[in-house]
Amino acid sequence: MRLDAASIALLVACALPVAASAGLCDENQALIDVGDDDRVASDYFDDYFIARHGDIYHIHARKRIELDFLTLYQVMDMQQHHAEFMPGYKHVEVVANPGDESLTAIRFRASFSPFTSRFTTRVESRVGERDYRQCWRQLDAADSRVIEAHKMAPKINQGYWRIVVLEDGRVDMQYYSMIDPPVAIPEFLYKRIARGSYREVFEHIIERARKLAPAD
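Each residue of the sequence shown is one higher than the one before, starting from 0 at the first, in numbering that gives the first Met the number 0.
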């Protein structure tokens, strides 16, 4: 599965630029709805917010780190391999759509959950020389494009990953999601779980990227 630097560069060169026409990524990045009162103290993240609006939880996390951008992009973009290392992912199937979109069938079970959620998301990926975005929105259960029939699926599930190369050479890893869980969870409990679970996701992605990074 490992790609050398030349192969990764070719992937980037062939992908659509970040400046493409408005789409799912533009829509999702306009959804951020967190404020200072939602900030969570963290010795791991540079910024971490957990907010609740009605039944919908908003998670926004950022970490700046020294990591090879091209390798990190590779790890994030190869969604079909996410079940190999991403916490909670039991099965991932990716069906390409024309352009920069794909449909992704997911079976997911959180460590604290007795059930597995099944659902299909529409995913848009965009990459430039210093900026990568992967954005998703769960399809409605009755959508004809569904490839993983929904079962115990979130009622709302959309968000994005963004990786930006900073001037000092580090990367800024950004995550944002809006989730209405499939079952009611007390707010204090959900926030307690979220404090640790999203750190775990970042840690697994970073570990994977470091393992695949080309040798100096």
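Each residue gets a CB set at the ideal place from its N, CA and C atoms; glycine is no exception.
Candidates Asp37, Arg61, Pro181: which alpha carbon is nearest His52's? It is Asp37.
Run through DSSP, which three-state label would Met151 get? Looking at Met151 - three-state DSSP - the assignment turns out to be coil, as it is neither helix nor strand.
What residues in its chain sit with their C-beta under 6 Å from that of Phe114, if we drop five residues either side in the sequence? Taken in chain order, the residues that qualify are Met151.
Rounded to whole angstroms, what's the CA-CA distance from Gly168 to Arg132? Just pull it up for me. Straight-line measurement puts the Cα of Arg132 at about 18 Å from the Cα of Gly168.
Under 8 Å between C-beta atoms of Ile64 and Val170: Cβ distance < 8 Å, so Ile64 and Val170 count as in contact.
Relative to the C-alpha of Arg117, which candidate in Ala95, Glu147, Arg191 has its C-alpha closest? Residue Glu147 holds the alpha-carbon nearest to the alpha-carbon of Arg117 among Ala95, Glu147, Arg191.
Could you tell me how far apart the beta carbons of Phe84 and Arg61 are, in whole angstroms, since I believe they sit closer than 8 Å? Between Phe84 and Arg61, the beta carbon gap of about 21 Å keeps them out of contact (Cβ cut-off 8 Å).
Alpha carbon to alpha carbon, how far is Arg144 from Phe107? Give it in angstroms, no decimals. Going from the Cα of Phe107 to the Cα of Arg144 covers about 19 Å.
For the region 183-192 and the region 88-99, state whether three or more C-beta atom pairs, one from each stretch, are separated by less than 8 Å. With the rule of 3 Cβ pairs closer than 8 Å, the region 183-192 does not count as touching the region 88-99.
Inspect the CB distances between the region 122-129 and the region 176-191 and report whether three or more fall short of 8 Å. At 8 Å Cβ cutoff, the stretches do not touch.
Coarse secondary structure for Met85, derived from DSSP in three states: Coil.
Sort Arg198, Asp179, Met77, Ile31 by Cα distance to Lys154 and report the nearest one. It is Asp179 whose Cα lies nearest to the Cα of Lys154.
Under DSSP, the alpha helix (DSSP H) around Tyr175 begins and ends at which residues? Residue range 170-179 is occupied by the beta strand (DSSP E) that includes Tyr175, with no alpha helix (DSSP H) assigned at that position.
Just the C-alpha distance for Tyr159 and Ile49, rounded to the nearest angstrom, thanks. So the alpha carbons of these two residues sit roughly 15 Å apart.
Checking 8 Å against the spacing of the C-beta atoms, do Gly73 and Val91 come in under that value? Here the sequence assigns Gln to residue 73, which means Gly is not the residue at that position. With respect to the 8 Å criterion, Gln73 and Val91 are not classified as neighbours on the basis of their beta carbons.
Using the Cα positions of Glu199 and Pro86, report the straight-line distance between them to the nearest angstrom. Counting only the Cα atoms, Pro86 lies some 7 Å from Glu199.
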